Structures are given as structure tokens and as C-alpha cells.
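Quick note: the sequence shown uses the numbering used here, first residue 11, plus one each step. Below: one structure, written as C-alpha cells.
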Amino acid sequence: MAKLIDGRAIAEKVYVDLRREIAELKTKGVTPGLAVILVGDNPASRAYVRSKDKMCRELGLHSVKLELQASTTQAELLGRVEELNRDPGIHGILVQSPPPEHIDEAAIVRALDPRKDVDGFHPANVAKLVLEDPSGFVPCTPLGVQRLLLESDIDINGAHVVVLGRSMIVGKPL
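Right, here's the structure in full:
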């Protein structure tokens, strides 16, 4: 039996929860900081990064947007990642995909501090996901799907599902 999910209402509930959690952290002197790195000028990626930055600001997060030229070298990008890894005001780092072809995305992911890898792609976070260790980061899309199902009182225990795709963003984590 089909059930209509009101994604907007659930999103608003998530935003209310996040604003409360962020306000609580701020009372303790911590303003959560997110850095997003974009290499190149892919229009879709630019729009996505703008959206992330806007949402961070609306929620009261410290947001850093690094827009690097497509000609940025692997070494330069690794250097920027290392700077963010060491920055105590940055608690999460996202590297927007896809990077230009000359960038080894896997090497960039491995260079991220796993405690700041909010995409959940670092091998340490993937291992924690596989081992059902809740201390790691989980990729956002599967986590969002899980939240939609839970908020909508949809029980998937024992259900048979088909997952299309094997991407690190959706398929593999699901």
C-alpha cells in the first residue's frame, strides 16, 4: 500500500531540531563550522554549493566556501584540505563531487580527517558504517531516506527492497 510522504513538513521538523541543537552548542561557546570545497566551475556543482552555504547561514552555522580554479593541482587541493583539517573552527568538510579529471578523488577523501568527513566517504567512516559503529559519519542521502521513513511511520523490517546503483553517495550505504 502506497503512503504519501510530506517531505517539506519533515524537513521543517529537521530544521527546527537543528536550530535548537546549534543554539545549544552556541551557549557552550561552539559555533559549528562547515567548509565546502569546490574545484572547477561545473554549474550544477556551483548551484549545489550555493544551496549548502545558504542553508548553513539560515541554520546559524559558520560556513566557509572555497571555490578553487579547475586548474588547481592535486597537491594544492591536498594542502587546502590539510589546512581545514587543522582549523579548530571547522567541524565538517565537504569536497564537492565530481572534481576535475586530474584530481584523484579517492586520495582527497583519504586526506580528510575522518572526524570532519561529513559525507562519510573516508575509509574509517565506511568501516564504521559496515561494522554498525554509530560514531562515524553516514552519507547524507541514505540517512535522509531513513529519516523520511521513520518520520512517516513506515516500517521496513523484513521488507524486500531493490537498491539501484553502487555510488558512495546512495547505493553502497543503503
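Ideal placement from N, C-alpha and C gives every residue a C-beta, glycine not left out. Small disclaimer: the values here were computed from a predicted structure and weren't measured.
query = Does the count of Cβ pairs from the segment 34-52 and the segment 73-81 closer than 8 Å reach three?
reply = yes
task = Might you give, ordered along the chain, the residues of its own chain that have their beta carbon closer than 6 Å to the beta carbon of T82, omitting 5 neighbours on each side?
result = V49
Proximity winner among A80, N135, I32, D129, relative to E111 (alpha-carbon distances) = A80
task = Classify G154 as helix, strand or coil using the three-state DSSP reduction.
result = helix
message = Tell me the DSSP secondary structure of V148 in three-state form.
response = coil
inquiry  = Using CA atoms only, rank isn't needed, just tell me which of V91, Y25, E86, E161 is closest to L69.
reply    = Y25
Local Cβ density within 10 Å of N167, reported as buried at 16 or more and exposed below that = exposed
Proximity of K126 and I100 at Cβ, strictly below 8 Å = yes
query = Between the C-alpha atoms of G89 and A169, what's the straight-line distance to the nearest angstrom?
reply = 45 Å
request  = Could you pull out every residue in the same chain whose Cβ sits closer than 6 Å to the Cβ of R41, ignoring the five residues on either side in sequence?
outcome  = The residue asked about is misnamed: residue 41 is Thr in this sequence, not Arg. Cβ within range, chain order: H72.
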